[in-house]
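K.L.:
Protein chains in written order, with the working numbering: chain A, 148 to 366; chain B, 15 to 329.
So this is what it looks like as structure tokens:
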């Protein structure tokens, strides 16, 4: 009976491990180059939503519904042409529906809201033009314009108050914030304007670029 | 060990190489491998990573050591402080997303924001979100949509185009996920908050899950991901957006590093029309529950009974 070398199992195990490690180290991953320029750009235009005009100290107005109070980011404060009555006190309101003249285009380029049905004084009060006028005749501030939108767009208004319609702000946890309708929709032309789409995703076999950083073993 | 007395008859292997030389050579090559003369600065190719356990089996101390090692290695690789978190799921949460197809304009901002947020490879390009352009159905019936002729490589001056609608799709976070069932090593699983995650260190790259996924939501790193250091997002999660090595599968995780802190996923936040909604299915006051209660929502390929937690609706 020969004396067996006692380390056969250990040697075999180490050999296998060494082979695996050597394979991983030599063939598994070429060292990454220090700096590979981004071949495929990821252009992301800036967020069109600008809330920088909000002051941190002023509390947000609340929207009440169904026993809840939800904070709302108010409309942007208009800096031009406000207060309206500083000019309009001397211009008598013409309630007749007509083609808009030049002086109106300085307020809104076009009125493209509700087809042919809507006219200025459906929303603006004809006498006190610093206010908006609801269908029941009551006057509201410009900051409360969501009430006006809700008169016709009831379903959307309901969704909006529940946080279903509108821009999401503040995360899913611990309440949400509403964004006033006119922050996203121009009230005189509420449809969203078409935007330019970002580039289409690359087709894999067209992504061949500089050899730097490319893995030769990749199919 | 070389001094062990051995019988002469067992000294050679019959191939002209003595066993002693063979063992010595293999030991030497093993040690040379350990010294790491050609090691890339990549966390996945360290010895600790090689012997690391599955995420679900790791004890707290082990996990802490692993996260520290990853932070150290990623910070060295990308030249800036990188944090790797492993935030546990929040109690009583089941995440879901809803997408209003009437409001999606197909601008692809979500897809690119996702790439930036989740550290996908730039070249070869990996995007988790696909946006398809399809012809509008006659009515508002979701079942009439011609999915087969949807195009994801549409190019347009302006979107939305007349007569088209847009259909973004990513991982549906199925309750009954096929990918989890087919994984032979248990590298992918569903977390208690409903997010299907992948342990990139445990994945062996067999791509069974890619074949099993009916939504084609999973992506494979065919080559070493190219992630520019200045664009790398340093806020990462072990199961989410930490840099992936070559040869593993990745997919959408609802931005697990964000949602477990109470934030919305990045695609929800970036969407210029607010088409996406995200929330907790178990919270009856949440917007997502309101959508499920009041809108006719659809899931994709419902006949497969995967029970996706991603809902589509027309408003």
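Built from N, CA and C at the ideal position, the CB exists for glycine as well.
Taking all protein chains shown into account, decide if residue 233 of chain A is buried (16 or more other Cβ within 10 angstroms of its Cβ) or exposed.
P.N.:
Exposed, because fewer than 16 other Cβ atoms sit within 10 Å of the Cβ of residue 233 of chain A.
K.L.:
Three Cβ pairs or more, each shorter than 8 Å: is that satisfied between the region 282–293 of chain B and the region 307–318 of chain A?
P.N.:
The answer is yes - the region 307–318 of chain A touches the region 282–293 of chain B, with three or more Cβ pairs under 8 Å.
K.L.:
Which word fits residue 209 of chain B, buried or exposed, when buried means at least 16 other C-beta atoms lie within 10 angstroms of its C-beta?
P.N.:
buried
K.L.:
Please identify the residue among B:40, B:87, B:149 whose C-alpha is closest to the C-alpha of residue 6 of chain B.
P.N.:
Outside the displayed range of chain B (15 to 329) lies residue 6 of chain B, so it cannot be described from this structure.
K.L.:
Strictly below 7 Å CB to CB, what residues from chain A border residue 170 of chain B?
P.N.:
344
K.L.:
State yes or no: is the C-beta of residue 41 of chain B within less than 8 Å of the C-beta of residue 161 of chain A?
P.N.:
Yes, the pair counts as a contact, with Cβ atoms nearer than the cut-off.
K.L.:
Name, please, each residue of chain B whose Cβ falls closer than 8 Å to the Cβ of residue 330 of chain A.
P.N.:
Within chain B, no residue comes near residue 330 of chain A; the closest Cβ sits about 11 Å away, beyond 8 Å.
K.L.:
With a threshold of 8 Å between beta-carbons, can residue 201 of chain A be considered close to chain B, or not?
P.N.:
no
K.L.:
Note down, in chain order, every chain D residue with its Cβ under 9 Å from the Cβ of residue 282 of chain B.
P.N.:
Here the protein chains are A and B, and chain D is not one of them.
K.L.:
Smallest Cα separation from residue 161 of chain B: which of B:282, B:275, B:145, B:81?
P.N.:
The option with the nearest alpha carbon to residue 161 of chain B is B:145.
K.L.:
Which residues in the same chain as residue 281 of chain B place their Cβ atom closer than 7 Å to its Cβ, once the five residues preceding and following it in sequence are excluded?
P.N.:
124, 127, 128, 143, 290
K.L.:
Along the region 101–121 of chain B, what residues have a CB closer than 7 Å to any CB found in chain A?
P.N.:
119, 120, 121
K.L.:
Comparing the C-beta of residue 287 of chain B with each C-beta of chain A, is any distance below 8 Å?
P.N.:
yes
K.L.:
Any beta carbon of chain A sitting closer than 8 Å to that of residue 277 of chain B?
P.N.:
Answer yes: the Cβ-Cβ gap between residue 277 of chain B and chain A drops below 8 Å somewhere.
K.L.:
Taking Cβ-Cβ distances shorter than 9 Å, what residues in chain B pair up with residue 301 of chain A?
P.N.:
Simply none; closest approach about 13 Å.
K.L.:
I need the boundaries of the beta strand (DSSP E) containing residue 62 of chain B, first residue and last residue.
P.N.:
Element bounds for residue 62 of chain B: not the beta strand (DSSP E) but the alpha helix (DSSP H), 61–64.
K.L.:
For residue 319 of chain A, which residues in the same chain have their Cβ closer than 7 Å to its Cβ, ignoring the five residues on either side in sequence?
P.N.:
Around residue 319 of chain A: no qualifying Cβ.
K.L.:
Determine the direct distance from the alpha carbon of residue 296 of chain A to that of residue 283 of chain A, and round the result to whole angstroms.
P.N.:
14 Å
K.L.:
Quick check: what's the CA-CA separation for residue 92 of chain B versus residue 56 of chain B?
P.N.:
10 Å
K.L.:
Using a 10 Å radius around the Cβ and a threshold of 16 neighbouring Cβ atoms, would you call residue 267 of chain B buried or exposed?
P.N.:
buried
K.L.:
Could you list which residues in chain A have their beta carbon closer than 7 Å to that of residue 230 of chain B, in chain order?
P.N.:
Residues of chain A passing the Cβ test: none, with the nearest at roughly 13 Å.
K.L.:
Compute the Euclidean distance between the alpha carbons of residue 229 of chain A and residue 200 of chain A, then round it to the nearest angstrom.
P.N.:
17 Å
K.L.:
Between A:155, A:212, A:204, A:197, which has its C-alpha nearest residue 305 of chain A's C-alpha?
P.N.:
A:212
K.L.:
Is residue 135 of chain B near residue 215 of chain B, with beta carbons less than 8 Å apart?
P.N.:
no
K.L.:
Under 8 Å, Cβ to Cβ, is there at least one residue of chain A near residue 37 of chain B?
P.N.:
yes
K.L.:
Identify whether residue 192 of chain B lies in helix, strand or coil by the three-state DSSP scheme.
P.N.:
helix
K.L.:
So which residues on chain B does residue 311 of chain A lean against when the C-beta distance must stay under 7 Å?
P.N.:
291, 301, 304, 305
K.L.:
How long is the line joining the alpha carbons of residue 211 of chain B and residue 195 of chain B, rounded to whole angstroms?
P.N.:
Residue 211 of chain B and residue 195 of chain B have their C-alpha atoms some 13 Å from each other.
K.L.:
For the region 60–71 of chain B against the region 221–239 of chain B, do three or more pairs of beta-carbon atoms, one drawn from each stretch, fall closer than 8 Å, so that the two count as touching?
P.N.:
no
K.L.:
If you measure from the CB of residue 219 of chain A, is any heavy atom of the ligand GTP nearer than 7 Å?
P.N.:
The ligand GTP is not among the ligands present in this structure, which contains no ligands whatsoever.
K.L.:
Can you pull the chain B residues whose beta carbon is under 8 Å from the beta carbon of residue 338 of chain A, in chain order?
P.N.:
Neighbours of residue 338 of chain A on chain B: none; closest Cβ ~11 Å, over 8 Å.
K.L.:
Do the region 243–259 of chain B and the region 177–184 of chain B touch if we need at least three Cβ pairs shorter than 8 Å?
P.N.:
Under the Cβ criterion (8 Å, minimum of three pairs), the region 243–259 of chain B does not count as touching the region 177–184 of chain B.
K.L.:
Could you tell me the distance, in whole angstroms, from the CA atom of residue 329 of chain B to the CA atom of residue 157 of chain B?
P.N.:
16 Å
K.L.:
In chain B, which residues lie less than 7 Å from residue 161 of chain A when you measure between Cβ atoms?
P.N.:
40, 41, 44
K.L.:
Can you check whether the CB of residue 217 of chain B is closer than 8 Å to the CB of residue 173 of chain B?
P.N.:
no
K.L.:
Against chain B, does residue 195 of chain A count as a neighbour if the rule is that its beta carbon must be under 8 Å from one of theirs?
P.N.:
For residue 195 of chain A, the answer is yes, since a Cβ of chain B falls inside 8 Å of its Cβ.
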